[in-house]
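> As given, the protein sequences belong to chains U and L, one line each in that order. Once you know that position 95 of the first sequence is 95 in my numbering, the rest is easy, because the numbers rise by one and skip nothing. To convert a position in the second sequence, counted from 1, into my numbering, add 117. Sharing a structure, written as structure tokens. Questions coming.
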Amino acid sequence: GAGVSQSPSNKVTEKGKDVELRCDPISGHTALYWYRQSLGQGLEFLIYFQGNSAPDKSGLPSDRFSAERTGGSVSTLTIQRTQQEDSAVYLCASSLAGSSKNTDTQYFGPGTRLTVL
Amino acid sequence: DQQVKQNSPSLSVQEGRISILNCDYTNSMFDYFLWYKKYPAEGPTFLISISSIKDKNEDGRFTVFLNKSAKHLSLHIVPSQPGDSAVYFCAASATQGGSEKLVFGKGTKLTVNP
């Protein structure tokens, strides 16, 4: 499969625990995004990685959230000390992000459904 | 403050008729607009896009119209098919900033009845 993959597909955790969500982008895509969708809401931007540039973290809701992208490929989103309001579907997307400023199509993974009890 | 608004949470149409999904935005810096389609338990899939230099883009049964002065765009699906039943998200980006993050609306659930 050549699409964006995410793991786990579902995660149930207890309040206060840390969780790690993984994203494998499409091979060759230099841009990687994390979004989340809370119940009844649209997708909310969290963080954006582009090549070796400093990531755009402007969407992270608190300092409990962090993300890394190792080797320009796989990314991990970490949520520390989870709260019930963190419950959402976390979606990863990747794009070619070529030189054109006309937005490259973002291809989404299936998401990780996080439930914090 | 919602920058992208889809005011209709749901829409129901008959197979073969036209579906019109609407989207309004407030940020005049947005210069690229997209529609994504989402089935349950799947990630959104790209459907069609339009740059702010255009007012119409057509791809098969799907046409997106952009009215910049009204900060409004719409997606027309004609003829509608039962397989089009999904949640449709409108999204926008301001590419001048370099970060191509998308701002999404809350979505409109389209049901096409056979």
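In this text, a Cβ means the ideal position worked out from N, Cα and C, and glycines have one as well.
Can you give the Cα-Cα distance for residue 141 of chain L and residue 20 of chain U, rounded to whole angstroms?
One-based indexing of the second sequence puts residue 141 of chain L at position 24. One-based indexing of the first sequence puts residue 20 of chain U at position 20. Just so you know, the alpha carbons of residue 141 of chain L and residue 20 of chain U end up roughly 35 angstroms apart.
> Between residue 82 of chain U and residue 131 of chain L, what straight-line distance do the alpha-carbon atoms span, to the nearest angstrom?
Within the first sequence, residue 82 of chain U is the residue found at index 82, counting from 1. Within the second sequence, residue 131 of chain L is the residue found at index 14, counting from 1. Straight-line Cα distance between these residues: approximately 44 angstroms.
> Would you kindly work out how many angstroms separate the C-alpha atoms of residue 25 of chain U and residue 57 of chain U, rounded to a whole number?
Translated into positions along the first sequence, residue 25 of chain U becomes position 25. Translated into positions along the first sequence, residue 57 of chain U becomes position 57. Distance between the alpha carbons of residue 25 of chain U and residue 57 of chain U is about 18 angstroms.
> Could you check what DSSP says for residue 131 of chain L in three-state terms: helix, strand or coil?
Indexing the second sequence from 1 puts residue 131 of chain L at position 14. It is a strand residue.
> How about residue 16 of chain U: is its C-beta nearer than 8 angstroms to some C-beta of chain L?
By one-based count along the first sequence, residue 16 of chain U stands at place 16. Chain L, which has no Cβ nearer than 8 angstroms to the Cβ of residue 16 of chain U, makes this no.
> I think residue 42 of chain U touches residue 179 of chain L, with their Cβ atoms under 8 angstroms apart; what is that distance to the nearest whole Å?
Translated into positions along the first sequence, residue 42 of chain U becomes position 42. Translated into positions along the second sequence, residue 179 of chain L becomes position 62. Residue 42 of chain U to residue 179 of chain L, Cβ: 20 angstroms. No contact.
> Can you give the beta carbon distance from residue 181 of chain L to residue 165 of chain L, rounded, assuming they're within the 8 angstroms contact cut?
Here residue 181 of chain L refers to the residue found at position 64 when the second sequence is read from its first residue. Here residue 165 of chain L refers to the residue found at position 48 when the second sequence is read from its first residue. Indeed, because the Cβ distance is near 5 angstroms, the residues count as touching under 8 angstroms.
> Can you check the stretch 3 to 55 of chain U for any beta strand (DSSP E) of at least 3 residues that lies completely inside it and give the ranges in chain order?
5 to 7, 10 to 13, 19 to 24, 31 to 37, 43 to 50
> Specify, as a first and last residue, the run of the beta strand (DSSP E) that residue 208 of chain L falls within.
Translated into the one-based positions of the second sequence, residue 208 of chain L becomes position 91. For residue 208 of chain L, the uninterrupted beta strand (DSSP E) run begins and ends at 203 to 210, by DSSP.
> Taking residue 73 of chain U and residue 92 of chain U to be in contact with their CB atoms under 8 angstroms, please state how far apart those CB atoms are, rounded to whole angstroms.
Here the question's residue 73 of chain U lines up with position 73 in the first sequence. Here the question's residue 92 of chain U lines up with position 92 in the first sequence. Approximately 12 angstroms separates the beta-carbon atoms of residue 73 of chain U and residue 92 of chain U; this is outside 8 angstroms, ruling out the contact.
> Residue 157 of chain L CB to nearest chain U CB: under 8 angstroms?
Counting from one through the second sequence, the residue named residue 157 of chain L turns up at place 40. No, residue 157 of chain L does not count as interfacial toward chain U.
> Indicate whether residue 89 of chain U and residue 37 of chain U have their beta-carbon atoms separated by less than 8 angstroms.
Locating residue 89 of chain U in the first sequence gives position 89, counting from the first residue. Locating residue 37 of chain U in the first sequence gives position 37, counting from the first residue. Yes, the pair counts as a contact, with Cβ atoms nearer than the cut-off.
> Rounded to whole angstroms, what's the CA-CA distance from residue 110 of chain U to residue 39 of chain U? Just pull it up for me.
Taking the first sequence and counting its residues from 1, one reaches residue 110 of chain U at position 110. Taking the first sequence and counting its residues from 1, one reaches residue 39 of chain U at position 39. C-alpha separation (whole angstroms): 16 angstroms.
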